[in-house]
Amino acid sequence: GNSVTQMEGPVTLSEEAFLTINCTYTATGYPSLFWYVQYPGEGLQLLLKATKADDKGSNKGFEATYRKETTSFHLEKGSVQVSDSAVYFCALSSTDSWGKLQFGAGTQVVVTP
Amino acid sequence: GAGVSQSPRYKVAKRGQDVALRCDPISGHVSLFWYQQALGQGPEFLTYFQNEAQLDKSGLPSDRFFAERPEGSVSTLKIQRTQQEDSAVYLCASSLGTREQYFGPGTRLTVT
């Protein structure tokens, strides 16, 4: 079946540091890939997405590239802020599943001033 | 416009009680999903509606879980005879077809 694996947290960084969160997936066909973010006390929000191989999703300074050859969708940001402290979830949606999302376990990111 | 809303936000139930969790999707969204998120884990799919039709209930963990969306708008997730392992955050999401899903704030269920 489909699955998503992402690096465990917490990831603790200083402000302006470079952030990478690794995500790999297993799926049949050509899934769509997503990063969701959950800020403290809030619901899940879509951060970015990519629907086909080599697509790059970007938003709020975050980027992720859909790499089919390595089945990966790593999230990166060049310079994090304290306000980026949150839990980040990698997810996929396969073409035969009504759009339902399969999530990774989440990675908590803590950015200190 | 208004986002997805869920009620109650918090629910404490004694083991064996029945609970009902409500989801109000974004107006016009035909697709509605329920997910269960255990502490420290990612959300797990429970069930999916397209309008009033429940097209996938493969994620419901037992026959104590039941969901409905009778008029293709508001949905209710019901859990009968709650058990401690049912303690989790229950998330509802809606979308236009298979496009981007918008999530509600969730209902945190604690079974004592």
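Chains A and B, in that order, give the protein sequences. Residue numbers are given in my numbering: position 94 of the first sequence equals residue 94, and the series is strictly consecutive. Residue numbers are given in my numbering: position 7 of the second sequence equals residue 7, and the series is strictly consecutive. Where is the CB? At the ideal position from N, CA and C, for every residue including glycine. Here the structure is a predicted model, which is why all the values come from computation and not from measurement.
On the three-state DSSP scale, how would you describe residue i?
i: D96 (chain A); result: coil
i: Q83 (chain B); result: coil
i: D63 (chain B); result: coil
i: D84 (chain A); result: helix
i: Q17 (chain B); result: coil
i: S27 (chain B); result: coil
i: V89 (chain B); result: strand
i: A53 (chain B); result: strand
i: A91 (chain A); result: strand
i: S58 (chain B); result: coil
i: E68 (chain B); result: strand
i: L32 (chain B); result: strand
Near residue i, which residues of its chain fall below 7 Å by C-beta distance, leaving aside the five closest residues on each side in sequence?
i: A20 (chain B); result: T76 and K78
i: G99 (chain A); result: S93
i: V30 (chain B); result: Q50, N51, L96 and G97
i: E71 (chain B); result: E52
Grab me the residues of residue i's own chain with a C-beta within less than 6 Å of its C-beta, minus the 5 sequence neighbours each way, in chain order.
i: A27 (chain A); result: N2, L92 and S94
i: T12 (chain A); result: V110
i: N22 (chain A); result: M7 and H74
i: G57 (chain A); result: L48, K49, A50 and A64
i: K77 (chain A); result: L19, G61 and F62
i: G106 (chain A); result: V87 and F89
Please report the residue range of the beta strand (DSSP E) in which residue i lies.
i: F49 (chain B); result: E44 to Q50
i: V111 (chain B); result: T107 to V111
i: Q41 (chain B); result: Segment: none, Q41 (chain B) is in no beta strand (DSSP E) and carries neither H nor E.
i: V111 (chain A); result: T107 to T112
i: V4 (chain A); result: S3 to Q6
i: Q6 (chain B); result: S5 to S7
i: S73 (chain B); result: Taken as a continuous stretch (DSSP letters only), S73 (chain B) belongs to no beta strand (DSSP E), as it is neither H nor E.
i: L13 (chain A); result: V11 to S14
i: L19 (chain A); result: L19 to I21
Leaving out five residues before and five after residue i in sequence, what residues of the same chain have Cβ atoms less than 8 Å from its Cβ?
i: I26 (chain B); result: G1, A2, G3, V4, S94 and Y102
Is the beta carbon of residue i within less than 7 Å of some heavy atom of the ligand PLP?
i: S14 (chain A); result: Judged by which ligands are present, the structure shown has none, so any question about the ligand PLP falls away.
Could I get the ranges of all uninterrupted beta strand (DSSP E) runs contained in the stretch 28-82 of chain A, with 3 residues as the minimum, in chain order? With a minimum length of 3 residues, the continuous beta strand (DSSP E) runs that stay inside the stretch 28-82 of chain A are 32-38, 44-50, 56-59, 62-65 and 75-77.
Quick one: which residues of the stretch 45-71 of chain B get their C-beta closer than 7 Å to a C-beta of chain A? List them in chain order. Along the stretch 45-71 of chain B, going in chain order, the ones with a CB nearer than 7 Å to a CB of chain A are F45, Y48, L55 and D56.
What residues in the stretch 82-99 of chain A bring their beta carbon closer than 7 Å to a beta carbon of chain B? Along the stretch 82-99 of chain A, the positions whose C-beta sits under 7 Å from a C-beta of chain B are F89, W98 and G99, read in chain order.
Between the stretch 61-84 of chain A and chain B, which residues of the former have CB atoms less than 8 Å from a CB of the latter, in chain order? Within the stretch 61-84 of chain A, no residue qualifies.
What are the residues of the stretch 3-21 of chain A that lie near chain B, defined by any Cβ-Cβ distance shorter than 9 Å? Correct list: V4 and Q6.
What residues in the stretch 25-44 of chain B bring their beta carbon closer than 7 Å to a beta carbon of chain A? Within the stretch 25-44 of chain B, the qualifying residues are S31, F33, Q41, G42 and P43.
Quick one, which residues of the stretch 96-112 of chain B are near chain A if we go by CB-CB under 9 Å, in chain order? Under the 9 Å Cβ criterion, the stretch 96-112 of chain B contributes G97, T98, R99, E100, Q101, Y102, F103, G104, P105 and G106.
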